[in-house]
Amino acid sequence: MTTSASASSHHLSPAFPGRAPWGTASKLRAWQQGAMDAYLQQQPRDFLAVATPGAGKTTFALTLASWLLHHHVVQQVTVVAPTEHLKKQWAEAAARIGIKLDPDYSAGPLSKEYHGVAVTYAGVGVRPMLHRNRVEHRKTLVILDEIHHAGDSRSWGEACQEAFEPATRRLALTGTPFRSDTNPIPFVDYAEDGDGVRRSVADYTYGYGSALGDGVVRPVIFLSYSGNMRWRTKAGDEIEARLGEPMTKDAISQAWRTALDPHGEWMPAVLGAADRRLSEVRKSIPDAGGLVIASDQNSARAYAKLLRDVTGAKATLVLSDDTGASQRIEDFRGSQDRWMVAVRMVSEGVDVPRLAVGVYATTISTPLFFAQAVGRFVRSRRRGETASVFLPTIPSLLGFANEMEVERDHVLDKPKKAAEDDLYAEEADLLKEAEREQDEDTGDGDQLPFEALESDAVFDRVMYDGAEFGMQAHPGSEEEQDYLGIPGLLEPEQVQTLLQKRQARQISHSRKRPADEADLLELPADRRPVVTHKELLELRKQLNTLVGAYVHQSGKPHGVIHNELRRVCGGPPSAEATAGQIEARIAKVREWAVRMR
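Following this note's numbering, the numbering of the sequence shown begins with 1 at its first residue and continues without gaps.
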């Protein structure tokens with residue numbers, strides 16, 4: 001069946017689109033029309049549409065639902081959403097185009113005034129047979145919003161499979177079709193690539209890069225902050241490190257937690273910088289708002305208090321287990337208030353188009369969560385808007401930020417090279433075990449709770465369009481303000497040019513400064529690459545191999561040699577040492593080996 005998609009909206013109510021920022025528009029965007037054309041040409045039972053957050057998946061899905069209802073392909077619609085708030089949002093969006101969905105449906109016959117229901121994945125998981133019975137008795141279109149959530153647990157995936165297997169049509173939507181695990185997603189096709197790895201196959205894809213080129217989404221400026229962190233480990237050791245310096249995975253995690261501790265100096269400094277950035281953006285976008293994404297409820301409450309101290313105004317606090325959370329999001333959406341603080345529920349799908357400044361204050365480090373979180377800031381309302389996201393200098397986050405335009409698929413199989421990585425991990429574990437024999441008592445009963453001791457913040461770099469700009473600067477300095485003061489309305493190429501000019505000016509000022517005043521690392525951002533965890537493991541493996549060779553040469557145990565290297569070169573155990581510290585030990589053990597020949 002190849003009926004033209006142009007007929008798809010002929011019976012929409014005169015009030016359509018209502019409020020365009022909600023993802024509805026009087027004319028379909030090019031990608032939405034393209035997806036409609038692809039669907040109507042194929043008329044498939046299953047269709048997976050991948051569209052970047054903020055592109056308007058809701059509009060496409062509801063337009064298609066309208067067409068299928070009008071042409072009697074289906075008789076009812078079921079929308080499955082990740083959260084209670086989102087199912088209500090779907091019902092409201094559908095109502096604006098004349099499709100009535102019941103967001104409060106729980107059981108029994110549906111009132112004849114409704115065209116269908118909006119439910120959550122958790123709800124389907126509890127009563128899959130209820131929904132199966134509904135789709136068996138009437139021809140149903142099932143819209144699975146952010147379908148990767150159907151893989152959140154095996155029970156949810158199995159429930160979706162059981163409930164909707166008999167459906168007449170299934171439309172799967174996602175802005176991020178990848179997961180951090182290998183749980184299969186129901187009703188998604190997988191195909192092997194050249195390496196024999198099974199990857200998800202989309203029927204229509206509209207990525208962030210394409211949407212950026214079309215002006216559908218905003219470009220994102222990432223502002224990264226480093227700083228010195230000091231914490232006490234569970235073993236009772238005090239460790240100090242600088243965010244962004246090469247260190248082990250455990251040390252990165254602990255330094256990250258220290259930075260986000262609301263009682264340190266890092267969070268107040270970054271929130272202050274983010275608020276100054278918001279003030280600049282509001283000069284050209286008066287209703288622009290900011291969002292802090294927190295790790296947990298206690299941190300969220302503390303950040304809201306810090307924002308009140310910074311701004312003098314109360315921040316909207318959204319906690320997922322609070323019955324009024326959805327209403328608070330709605331109130332913030334329609335207000336002129338500056339800041340909202342939330343834990344997780346605002347990270348995906350929730351539309352607050354005026355959000356323009358974000359603070360990534362959570363230790364969740366999956367590409368899925370990062371992409372969905374950044375997706376809250378990219379919905380474009382008018383030409384020239386930019387989004388600004390503040391984050392700690394953590395290698396994985398910088399990697400995600402620099403790969404915003406990379407399209408990903410859900411991978412069912414671990415890549416073949418994982419075995420090689422496991423070998424590195426095994427080497428690292430052996431080394432760590434050898435050091436623990438000499439360095440610490442491993443009795444768990446004596447362990448103390450992790451404790452963040454102190455932190456400070458340093459402006460580190462700006463990332464934009466895959467490039468890095470800036471030199472390190474103190475919070476509140478003119479150099480930092482140069483980047484915080486970038487206008488909120490600029491064309492993408494103007495942002496790039498302005499960042500280049502700001503960096504050139506900063507470098508020029510730095511060269512005029514006496515050497516004894518240069519108390520920060522003053523290399524430009526593009527000359528300060530962050531060593532990855534894998535590269536660090538390579539260095540540790542190299543050190544371990546050299547120590548192993550020296551064991552045979554000297555007759556001393558591994559632990560004794562490692563302790564001697566620490567005594568001579570300084571620094572913590574190798575499991576917590578920086579790349580520079582490990583390289584110094586590699587040079588030293590080579591020097592010892594040469595002397596013994």
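All C-beta atoms, glycine included, are put in the ideal place defined by N, C-alpha and C.
Check                                                                                                                                                          : Outcome
Are the beta-carbon atoms belonging to T393 and L243 less than 8 Å from one another?                                                                           : yes
Which residue wins for smallest C-alpha separation from A452, given the options F47, V80, Y114, R257?                                                          : R257
Closest to T366 by CA distance: which of P395, R383, P353, T386 is it?                                                                                         : P395
Counting contacts by CB-CB distance shorter than 8 Å, is L173 in contact with chain D?                                                                         : Judged by its chain identifiers, the structure shown contains no chain D, having just a single protein chain.
In the DSSP output, what is S510 paired with across the bridge?                                                                                                : According to DSSP, S510 bridges with nothing at all.
In angstroms, rounded to a whole number, what distance separates the CA positions of V568 and A584?                                                            : 10 Å
Under the three-state reduction of DSSP, which class applies to V126: helix, strand or coil?                                                                   : helix
Have a look at H85 and R344 and give me their C-alpha separation to the nearest angstrom.                                                                      : 12 Å
Is the CB-CB distance between G289 and M340 below 8 Å?                                                                                                         : yes
Between which two residues does the beta strand (DSSP E) carrying D46 extend?                                                                                  : 46 to 51
Are the beta-carbon atoms belonging to A361 and M471 less than 8 Å from one another?                                                                           : no
Do you know offhand how far F47's Cα is from P109's?                                                                                                           : 28 Å
Pairs of beta-carbons, one from the segment 92 to 100 and one from the segment 48 to 56, closer than 8 Å: are there three or more?                             : no
Between which two residues does the alpha helix (DSSP H) holding L565 run?                                                                                     : 558 to 569
Would you kindly check if the distance between the Cβ of G358 and the Cβ of R376 is under 8 Å?                                                                 : yes
Quick check on DSSP: helix, strand or coil for L543?                                                                                                           : helix
Looking at the secondary structure, which residues open and close the alpha helix (DSSP H) in which P268 lies?                                                 : 266 to 282
For K87, count neighbouring Cβ atoms within 10 angstroms of its own Cβ and tell me buried if that reaches 16, exposed if not.                                  : buried
As a quick exercise: from G215, S335, L291, S226, pick the residue whose alpha carbon is nearest that of L397.                                                 : S226
With H, G and I counted as helix, E and B as strand and the rest as coil, what does DSSP make of M36?                                                          : helix
Go ahead and pull the three-state DSSP assignment for S455.                                                                                                    : strand
Does the beta-carbon distance from G157 to P186 come in below 8 Å?                                                                                             : yes
By alpha-carbon positions, which one of E535, G559, E591, A593 ends up nearest to G580?                                                                        : E535
Kindly examine the ligand GTP and report whether one of its heavy atoms sits closer than 7 Å to the Cβ of R511.                                                : As presented, the structure is devoid of all ligands, the ligand GTP included, so that no description of it is given.
Please state whether DSSP places D351 in a helix, a strand or coil.                                                                                            : coil
Taking its Cβ as the centre, do 16 or more other Cβ atoms sit within 10 Å of R308, making it buried, or is it exposed?                                         : exposed
Verify whether the separation of the beta carbon atoms of F614 and T233 is less than 8 Å.                                                                      : For the chain, the structure presents residues 1 to 597; residue 614 sits outside this window and is missing.
What's the C-alpha gap between E602 and V589?                                                                                                                  : Outside the displayed span of the chain (1 to 597) sits residue 602, for which this structure offers no information.
Over the uninterrupted beta strand (DSSP E) stretch that includes D189, give me the two end residues.                                                          : 189 to 192
CB-CB under 8 Å to L546, same chain, minus the five flanking residues each way: which ones, in chain order?                                                    : I586, V589, R590, A593
Under 8 Å by Cβ, that's how I've got T363 and A575 pegged, so tell me the actual separation to the nearest angstrom.                                           : Wrong, their Cβ atoms sit about 19 Å apart, outside the cutoff.
In whole angstroms, what is the alpha-carbon distance linking A387 and R354?                                                                                   : 10 Å
Would D444 be called buried (16 or more neighbouring beta carbons within 10 Å of its own) or exposed?                                                          : At D444 the pLDDT is 42, less than 50, meaning the model places this residue with poor confidence; the figure from the coordinates comes in the next sentence. Label assigned to D444: exposed.
Where are the beta strand (DSSP E) runs, 3 residues long or more, that stay fully inside the segment 211 to 271, in chain order?                               : 220 to 226, 228 to 232, 238 to 242
Please state if the CB of A342 and the CB of L291 are separated by a distance shorter than 8 Å.                                                                : yes
Looking only at its chain, what residues have a beta carbon closer than 6 Å to the beta carbon of N228, apart from the 5 residues adjacent to it on each side? : R242, D456
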